[in-house]
Amino acid sequence: MRIRTSIIAAGALATLTTVACQQPPQPQLVSLQAPVKIAVVDGVVCLPSVERVDATVATTPLPRCEEGGQGFGLVVNQRSDKLGVVALGQARPRMVNLDSRRPGVTAIPVGRSPVDVAVVGDGTVAAVANQIDGSITFVDLWTLQPISEVSVEGTPQAVVAVTDEEGQRFAGVMTGGPNEFAFVAVPSCERPEDDQDRRDHDPEQTCTFDEGSAPAPLALPGRPVSVEFDDVSGLGFVIYRDLDGMSFVALRPEALEEDEVCLDGGEVPCEVARVEWGDEDTPAFGATSVKADPLGFFVYVLDRPKNRLLVVDRARRQLIDASMAMEPPLQPFSTNPGIPLVRSATAVAPEVTRIVLEEDSPGLVRYEIGARVAADNAQLYRVGVANLECRFEGSAAPSWESLVLDGAGRGELDEAACLFMPAFPLGGDPDFDDEEELLDRRIFDHEGALLAVNPVFGLRDGDLREGQFVGRAQCVHPEELVAQMEELVEGSLTCGTPLAPQPVARSVETTPSTFTDVDRADLMEFAEAILDGDPIAPMIERFPFDLRLVSEEWTVAYEGAIPGLGGNERGLVEATDGSRFLTGGANLCNAGVEVGDRLRILSAPVNESRCAEYQGEERVRTYEIVAVSPFEMSIAVIEEDGFAQELPVRECFNRGLRYEVRPREEWVVWGSQSGMGSPWEAEGTQCVLREGAESGRLSGRVRTGEEYFGPYLSLRIHEGEVDPVEGLSYTFRVERNFGLDAETISPSRQQSLVQSVLPAQVLFLPDLGAGRAVVVVDQGTDRIYVRNLATGQVDYVR
Amino acid sequence: MKNLSIVMCLVVWAASLWGCTESYVEPLPPRGQLYYPIGMEVHPNGQFLYVVNTNFDLRYRGNLGGTVSVVDTETGEILSGGTPFVPSYGGHLRLNEDATKAFVTSRFNNEVTVLTVAAQGQALYCEVEGEAVADSRPCQVTRLPDVRGGNRLAIDPFGLAVTRAIRTIGGEEQVFDLVHVSHLRGEQVSTMSFPEGEIPGASLQSAALVSGGNQVVSRPGTQDLYVAGRSDNVVAAYRPYINENGQVEAIVRREVIELARREDRVDARGIGFDETGEWLYVATRRPNALHVIGMEAGANRTPRVVRSIPLEQNPSELVVHEGADGVRRIYIPSYRHGLIQVVDAEQEAVVDVIEVGRNPYHMVVDSPVHCRVPGERCQAYVSLFDVRAEEDRRCQEGDESCGRIAVLDLDPASETFHTVIDWIY
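Here you go:
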């Protein structure tokens, strides 16, 4: 009977198994409740494959990694007060059910409102920061059981693994109220024997706390919000809510640069440097999160409300001004030191893409250094900081992990000679530099390696298309010119010239064949230094810098009316002094009005005989501007025929007036989005030159024969056979063709209903068995999205 | 039968003595009990709590099925004599600046009821020709001016804020109570201007700004109002234009603060400023999160979300309160889980959880005359919507009363800090 029962049971089981294989995957039970952080366990303790339908693993303690299994993830759930286990090393990630004896997906109970997790100590323990309880829960990773809960002073904001100068390991806990970085002793755990059921194991039997004394807490200068810690170098980075700055915190003497000391004059652990980006007039709101790039060059600070990513030069302890570091620089059009991002980027992860171009003799490798940011629109964007090409003697590193993660051993690699980054900005300006000067700035020698460094400092373009001019240039010919033109041109006179596909190289010479030709604008070119050829020699490759282009229409008008000025009826003639004309609120400095320009009153005067001087066409009421202040201009009569010979009087112009200002013998240049540049700004009652005006890029006007430099283009109006007159204008369109390099955070195999809405964390995973991946933890949808970098497949766990 | 007839006659006679122009149609709600309570307000003297009872199941007659309970906060007693009848589906109640008038929104017929507050706050009533009556029908506003062609109040008025404007008219200063209303359906926000808090001469304007406006708050130190919507993903800011005669002429849109991009309808339920007006907090259900907005955190000192903190499911309200210990806390009831999460605004962290019982809806904190120093009384009141009076279970058909008020201790020096210390029902 017993044998028959067993056979029947086995047969039933086999049937069930077969049926299960043929059925689609079971829908996932909901087990995540506001996941906010995931940490990877990889190195000492590993997880066996999760293959059972009920997502359980064996009840024995987890295996040692050298004996099998894969790395896995630990995710804190802020709403359920649980630490979940995620199998990340298999083809499809899964939440692990730790105890099938209980309904649902069992996770590890921790303290209330857990917000952070880190693997600490010798890799056998995890630490979880609990905000409501003000405590740290330690978890035995062999048995996935909570060991103990340790109270901390203040509200824990983050927990990291740290090692002090004596080699003792602690959980570094960053707290608010008091604002400090505290050191909490961590246990280490032995693996129980295989005959132990991990579900019922009491970890106090196999885990012991280190008896050593912890360093005193380190006081922080503000209320901390995020910390990144590199335990290999002993250097940490802290950002705040009430301080627009980032602290460098050294926990060990080797983290100090040469001659570097603690800011408070004490000893490590201490703050050794600080970068700040705010100003006195603006209230501080701090930043969102801080991350360090794995090559050790940069530290990234995400500033969600200001839509930017700040980049800090780690070795030089300096904030890099992105508006100057990009080439051509964004300044003076922008003084924002961060990389402009999309709106509401909530999480960032450093990313370095390494491409081996030549394996050895010599080795040639290209790095694309930057970050990924996740925003609340379900998109994951690539941000570029710098591209680096390196040629070196010897062989390329055997793997990405050996170069990046093995902090101690990577110095032995030939490719380690490539780990150099110059200070930004590199200086100079590719608009004005020749190619020799460009190469000088971009090419470096470092420990026998030849490096080409190209700053990016912007969102990466996914379309790789070129910005260009489009359509046809249009022109407007004043009537008085038409007759002259017809004498010169045989046949019909068409207005408009087709534009050849752009861009064209700077060196291309163009000679206009008719007066209607406008020399094609040269786009501001992005110059990239590359290493190529045999022998490898650096060279410059140019292509349009899409990021700075704007899709808009440009107008070039001879003695054109300065745009946006005087169109509303607000101008006023001063009541007692007709030489003073008040703008009614328009700022003349910002508009670019200059002495020598001409004011034209467009509104008709009062229709009375005493105002006859001003009657007639608008042109009659034109005056020369002899002085300019922010809201007022001084005017004088133009002593020529056809112009009023008396200054305007209030009796004849007794209401708000429309007016315009036109330069003399100059072309006005403006973009429909970029506007017209002005080198002036108001300071008190005067117009003064703006910072950066000397660059020549802020002016919105140009003379015939001279070169105009705009925010991203330059142009030249050549002399023609007919002199230009007021009213002659040309327009052309620029198409940006910039497509953000972005991916949608959405599962590949399902409807888009579960797209990410509020990402809390982005993390690049090492290869845990299923290839490298990028993970997005979403606290809004209660999901963790996993995107395989090789296949592009996106799965999720919930 | 004969006895019943006598009783009926007595009821009718009593009703006529009450001052109504017409006899009531039964049933009227009992005035000494709660019945599906939502909005609340505390009199500035701290002595009285006002609770809007909604008659949510329409057990009682629709147009007067709701009440506003006047509760003595010392004794916990509902003062039935001072409790007026209001329309069903009431929403929120706010007092004007000098606590002489109370304004109540209700959705039965889309009205705002203008009640007079007794001198010490011990009663609310509708004033008719100098007489205090419990029947609020003469004090209900659906249209201003109340003539043909007058502006009609938009559908489903719910959220409420009251501010004040002063104009000099005929050489004399005149006070205008400005009542700002959000509407649960449609996209309208409204402002009404009541001269000296009275209905005659009042004016009304509305504008489409945000979909499903749940609550409206004024920003301290400004004249701006901020509305968050259930069916939208933004907070809209506006300012009413009050002309020299104290009439509201227009609603001027000021700015829009985006809460989410992927989610079109965040279902915002709670909104509140800190005392400086520099920080704005919004609790949403999609996702369940508290959005912390720095009013000058963005580029060019524009308002932007600085951080989003996960919350328990179904937040229903948000109250910002600076305790006597100087700590600013944000209280967010979770309707689903019967608790209140306490967020430390400085730490941007959930630091406590208060179990209060089923269906917490609205919360109001004690008057500023209390809560000044640790050790002094400081209480908060939480309306529990669909729960039996004396047990934490859902109301049953036939229950005489439904709902109760949890009284919380907010004195940081107290041993019962952040616990329920009493019930009102």
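Top to bottom, those sequences are chains A and B.
The number in this note's numbering is simply the position in the first sequence, starting from 1, with 414 added.
The number in this note's numbering is simply the position in the second sequence, starting from 1, with 25 added.
Backbone N, C-alpha and C fix where the C-beta goes; we use that ideal spot for every residue, glycine too.
A:V1188 and A:A664 have their C-alpha atoms spaced approximately 29 Å apart. Beta-bridge annotation (DSSP): A:T1195 is not paired with any residue. Looking from the CA of A:C1003, the closest CA among A:E1060, A:E741, A:G1114 belongs to A:G1114. Of the residues assessed, A:L1103 falls on the exposed side of the cut-off, its CB having fewer than 16 other CB atoms within 10 angstroms. In this structure, the alpha-carbon of B:L185 lies about 55 Å from that of A:D456. Scanning its chain for C-beta atoms nearer than 6 Å, with the 5 sequence neighbours on each side dropped, one finds around B:T79 the residues Y61, I63, G91, Y114, G115, in chain order.
Near chain A, meaning a CB-to-CB distance below 8 Å, the residues of the segment 282-305 of chain B are E283, A285, R286, R287, E288, E303. In this structure A:A630 is exposed. Its beta-carbon is surrounded by fewer than 16 other beta-carbon atoms within 10 angstroms.
Taking a contact to require three or more Cβ pairs closer than 8 Å, the segment 755-763 of chain A and the segment 782-790 of chain A qualify as touching.
The Cβ-Cβ distance between B:I357 and B:L315 falls below 8 Å. Residues of chain B whose Cβ lies closer than 8 Å to the Cβ of A:S445 do not exist; the shortest such Cβ separation is about 15 Å. Only V375, V376, D377, V378 from the segment 375-409 of chain B bring a Cβ to less than 8 Å from some Cβ of chain A. Contact between B:N258 and B:E288 is confirmed by a C-beta separation of about 6 Å, below the 8 Å threshold. Residue environment analysis places A:V639 among the buried positions, since at least 16 neighbouring C-beta atoms fall within 10 angstroms of its C-beta.
Counting of Cβ neighbours within 10 angstroms places A:V1009 among the exposed residues, the total staying below 16. None of the residues of the segment 208-220 of chain B has a beta carbon lying less than 7 Å from any beta carbon of chain A. Among the residues facing chain B, A:Q545 is included, as its CB has a counterpart in that chain under 8 Å away. Under the DSSP assignment, A:S640 falls in the beta strand (DSSP E) whose first and last residues are 638-644.
Note on B:N134: under 16 other CB atoms within 10 angstroms of its CB, so exposed under the neighbour-count rule.
Residue contact check for A:S758 against chain B: a CB pair falls below 8 Å.
In the displayed model, A:V1034 falls within a helix according to three-state DSSP. Look at the beta carbons and you see the segment 554-566 of chain A touching the segment 604-623 of chain A: at least three pairs across the two are nearer than 8 Å. For A:V1171, the nearest CB of chain B lies under 8 Å from its own CB, placing it at the interface with that chain. A:S1109 carries a helical assignment under DSSP once its states are collapsed to helix, strand and coil. Bridge pairing for A:V770: A:V779 [DSSP].
Looking only at B:S236, B:N270, B:Q272, B:G271, the smallest Cα-Cα distance to B:A262 is reached by B:S236. Within the DSSP bridge table, the entry for B:A127 names B:L120, B:L140 as partners. By the neighbour-count criterion, in which 16 or more other beta carbons inside 10 Å mark a residue as buried, A:L1127 falls on the buried side.
Here A:A633 is exposed, its C-beta having fewer than 16 other C-beta atoms within 10 Å.
Relative to the Cα of A:P1093, the nearest Cα in the group A:R1111, A:R1076, A:L794 belongs to A:R1111. Between the alpha carbons of A:R1076 and A:A975 lies a gap of roughly 5 Å. Taking A:N593 as reference, the option from B:E371, B:R361, B:A405 with the minimal CA-CA separation is B:E371. If only complete runs of 3 or more residues are kept, the segment 506-555 of chain A shows the beta strand (DSSP E) at 528-534, 539-544, 549-554, in order along the chain.
Scanning B:P340, B:N325, B:E321 for the CA closest to the CA of B:V307 turns up B:P340. In the three-state DSSP reduction, B:N80 falls in the coil class, being neither helix nor strand. Annotation: B:E280 has no Cβ neighbours in chain A at a cutoff of 7 Å; minimum Cβ distance is about 14 Å.
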